[in-house]
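First up is the structure itself, then whatever we jot down about it.
In the numbering used here, the protein residues as written are 88 to 456.
Here it is, written out as structure tokens:
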């Protein structure tokens, strides 16, 4: 593994869930862990001190978006991504391959890499596997992701097979391009919903010897049961001594389900995006704060919740702020949702520590269990 990166499996539960410890140049992360998404270098509406208070230990940022704006040289001039973000903890960056592929007609893919037109200014750009690693190293990421080709749900078998072969070739090129020991590099297993292609991808990547392994392409529109089937089969193909990252997943129920399979890292925009739309996560399920029923409700979003929002604001007050489009409304909703997710993962780790998984974690999840 890349110094000073390290990973230790502290305990394996009979369910398959793992209690682990991830070491980076910017600190230690206990796993399983949820990573709030800071796409452009910030979690919308939340300052770093609030993230720390919530229990955040690692953030995810997107290298493609940061390379487009403010640009790699600007980030470097400002002291690196940690300094730009005002965050001194561990940072994982996504290569941006998924985001570039999402540009649709603005992107073309060949064996050399991704050719695109910037969504910011329309300029032509190219993202090769070597570029993806160089950008993430220049940003100062603690964990970088190899460039992969993520195909949409429902893609033809031949297209998925081609993407698997291309992702494997890109992975080897990315590894060969590394220059910064402080940035660990993860490979991304692809293969759609085909077990054989997933196995082929996992075999190729594990043979290259990455610092960790991610499973991608399972949050692009697949039915939940199919996602679970493929995730369960794929995790058995990954080296047990390396961290396992399930990308872009998901709901509180997903976190419990996939932690029990042995995945260690998770990220998703749901808690923050849903908050901005007025949807809050509680142990009773989703709470739609815009509904008229909450107009004069003096209760907190969730009784007994110790988060900043629930200890200071009523449902009625939060509803007013959200409907009035006050920035504070989105911020308060975001703080609550992130508290719910991060508290749930603390309970998962506590349950694994004391041998009460999944019962204790399920109690924290409530209706999501």
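Note that beta-carbon positions come from the ideal geometry of N, C-alpha and C, so glycine has one too.
| Query | Result |
| --- | --- |
| Residues of its chain near residue 459, where Cβ-Cβ distance is below 6 Å and the 5 sequence neighbours each way are ignored | Because the chain spans 88 through 456 in this model, residue 459 falls outside it and cannot be assessed. |
| Beta strand (DSSP E) runs wholly inside the segment 174–219, at least 3 long, in chain order | 178–181, 194–197, 200–204 and 211–214 |
| The alpha helix (DSSP H) enclosing residue 363, as first and last residue numbers | 357–363 |
| Distance CB(residue 444)-CB(residue 104) smaller than 8 Å | yes |
| Cut-off 7 Å between Cβ atoms - residues of its own chain near residue 246, not counting five sequence neighbours on either side | 238 |
| Per-residue burial, residue 390 [other beta carbons within 10 Å of its own, 16 or more giving buried] | exposed |
| Selected residue, minimal CA-CA separation from residue 152, among 164, 359, 126 and 160 | 126 |
| Buried versus exposed call for residue 410 [16 or more other C-beta atoms within 10 Å across all chains shown] | exposed |
| Integer-rounded CB distance, given that residue 439 should sit under 8 Å from residue 106 | 4 Å |
| Candidates 139, 193 and 197: closest to residue 208 by CA position | 193 |
| Residues bridged to residue 328 [DSSP beta-bridge criterion] | Note: residue 328 sits in no beta bridge, so no partner. |
| Per DSSP, cross-strand counterpart(s) of residue 369 | 372 |
| CA nearest to the CA of residue 275, picked from 266, 283 and 250 | 250 |
| Span separating the alpha-carbon of residue 301 from that of residue 384 | 43 Å |
| Between the CA atoms of residue 342 and residue 244 - distance to the nearest angstrom | 29 Å |
| Spatial distance of residue 353 from residue 433 (CA atoms) | 13 Å |
| Separation of residue 382 from residue 427, as counted between CA atoms | 23 Å |
| Residue range of the beta strand (DSSP E) that includes residue 274 | 271–276 |
| Cβ-heavy atom distance, residue 439 to the ligand NAP, below 7 Å | For the ligand NAP, the structure offers nothing, since it holds no ligand at all. |
| First and last residue of the uninterrupted beta strand (DSSP E) at residue 107 | 105–111 |
| Bridge partner(s) assigned by DSSP for residue 232 | 273 |
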